[in-house]
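All residue numbers for the sequence shown refer to this note's numbering, where the first residue is 21 and numbers rise by one.
Just so you know, even glycine gets a beta-carbon here, dropped at the ideal spot from N, CA and C.
None of these values were measured; they are calculated from a predicted model.
Here is the structure we will look at, set down as structure tokens.
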Amino acid sequence: MDAVPARARGYVAAVALSAVLCLLPLPVTHTPWEAAALLAALYAACEHAVRRRFGGTFYPVLLAGAFLLPPAAAALVPVPAALLSPVEHPPVLLRRVWRAAQPALAVWAAARTHRALGGEDAVLGSDFPSALLPAGAAVLAFCLVLTALDGGLRAAAGLVPLRRAWRGLLTRSPAPIAVHGLAGLMMAVLWRSPYGPVAALLVLLPMGVSWWVFALYHRERAAHQATIRALVQAVDIKDGYTRGHSERVGHASVLIARELGMDDDRVEVLRFAGILHDVGKLGVPTRLLRKDGPLTPEERRIIELHPEYGHQMVRGISFLGEARAAILHHHERLDGSGYPYGLAGDRIPECARIVAVADAFDAMTSTRCYSRARPVEAAVAELERCAGAHFDPRMVGALVRALRRSGWHPAVTADEPVHGTAPAERTPSTGAPR
């Protein structure tokens, strides 16, 4: 994010200006400043602890502020945390402004919604279940504003097309934010009760436990990713001519998946599928992978076992999901002439059809021991020629559209090919690797 587009900077400035406008009524608003200061300090402490140990954002204190304070004062609660918390990546000032302005607008909207529905009186009187309706509406407003602002920033920064900027964001956020909202409501009710603010702080204890469990899950996921990285590095070392191929296939698979409108979780699975599609080559003799001359029919049959080897190697990694099917079937062809099982048409899993196109595209645009890299335009033309027979036309079209928008800048995997003409049986028309 070093070179932030001008429109993204303008977008952040507009959001910041909107947040400042929300704070303007403060001088004429009856504000409980002690409560506002305590909530701001508490939120800053929680944010520091959560970001340092777990990552993410801690919303219960913000939502408690929405239930306890006037909207303008509630919008002030996240500001000290944004100004004081460390920023790991530049541009520092822009990130600080965004971290302050986005939650300020969201909590302001939540507080306005809560007050408009009579939530203040319900909290003061500990009126359950009546207090749940305005609190639920406030949490929904909070979630909608966060989602709207996040999607707008993604579009302004050019990360995704405008039509898909908000896709997948709203479906992921309501459940966790609803839990935070319930904790915030409990804090607000206890705060207004005879037990006072100290009792309200006890609500943070179970939330801390939930964050600890959440962190354990992410550590386990990080361990899986480290395992994946080790497997890919092992393949790159064994088959030196395709070094970097796995990463690029993962990237191309992501381009296709996003163009098809898949949600972020599935896009991540497709990235893993692309990265690991050739992991089965660890079970293939190195002499066959590096052989310069023509492959015999028996040698080709051995190499064609690598999808099954790969599937066996990753079958115990549960979070890969459908990526395992992509690893097994990425050499199947739409007309049934592929391997290992000769599946045809829709019998080939969708994820495998995506990886097949990404794999062939990178194979054609990379220099190998048996072929020089083709220009992107030539590779695209070859994919389009083989669409309907070897490749799913829908996946080919998605890749073509993504390439037209973002381009392709692959790293060359071998500076110079091996001298001599590549064997005919090792260079199929699609340029797909063995």
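Neighbourhood of residue i by C-beta distance below 7 Å, restricted to the same chain and skipping five residues each side
| i | result |
| --- | --- |
| residue 33 | none |
| residue 56 | 89, 93, 96 and 97 |
| residue 452 | Note that residue 452 scores a pLDDT of 45, beneath 50, so its modelled location is shaky; the value from the coordinates is reported in the next line. 379, 380 and 383. |
| residue 138 | 154 |
| residue 344 | 331, 334 and 335 |
Beta-carbon proximity list for residue i, same chain, < 6 Å, skipping 5 on both sides
| i | result |
| --- | --- |
| residue 126 | 162, 165 and 166 |
| residue 39 | 121, 124 and 125 |
| residue 210 | 219 and 220 |
| residue 368 | 349 and 352 |
Residue i - DSSP class collapsed to helix/strand/coil
| i | result |
| --- | --- |
| residue 25 | coil |
| residue 232 | helix |
| residue 215 | coil |
| residue 386 | coil |
| residue 63 | helix |
| residue 177 | coil |
| residue 31 | helix |
| residue 53 | helix |
| residue 305 | coil |
| residue 37 | helix |
| residue 200 | helix |
| residue 223 | coil |
| residue 68 | helix |
Distance, residue j Cα to residue i Cα
| i | j | result |
| --- | --- | --- |
| residue 180 | residue 270 | 18 Å |
| residue 35 | residue 29 | 10 Å |
| residue 101 | residue 159 | 21 Å |
| residue 355 | residue 408 | 8 Å |
| residue 413 | residue 404 | 7 Å |
| residue 120 | residue 410 | 51 Å |
| residue 359 | residue 249 | 26 Å |
| residue 267 | residue 300 | 15 Å |
| residue 288 | residue 218 | 42 Å |
| residue 377 | residue 169 | 34 Å |
| residue 400 | residue 425 | 14 Å |
| residue 128 | residue 141 | 18 Å |
| residue 222 | residue 196 | 19 Å |
| residue 314 | residue 247 | 34 Å |
| residue 171 | residue 182 | 8 Å |
| residue 327 | residue 347 | 6 Å |
| residue 205 | residue 136 | 16 Å |
| residue 308 | residue 420 | 33 Å |
| residue 258 | residue 330 | 15 Å |
| residue 7 | residue 295 | In this structure the chain extends from 21 to 454, so residue 7 is not present and cannot be described. |
| residue 46 | residue 187 | 36 Å |
| residue 81 | residue 132 | 17 Å |
Beta-bridge partners of residue i, as assigned by DSSP
| i | result |
| --- | --- |
| residue 407 | 411 |
Residues near residue i in its chain [Cβ-Cβ closer than 8 Å; skip 5 each side]
| i | result |
| --- | --- |
| residue 304 | 322, 323, 325, 326 and 329 |
| residue 64 | 100, 101, 104 and 105 |
Quick one: complete alpha helix (DSSP H) runs, 4+ long, within the stretch 90-167? 91-96, 99-104, 112-136 and 139-144
Suppose only complete runs of 4+ residues qualify. What are the alpha helix (DSSP H) ranges in the stretch 310-367, listed by chain order? 317-323, 326-334 and 343-349
My parser needs the alpha helix (DSSP H) runs of 4 or more residues fully inside the stretch 261-293; what are they? 265-279
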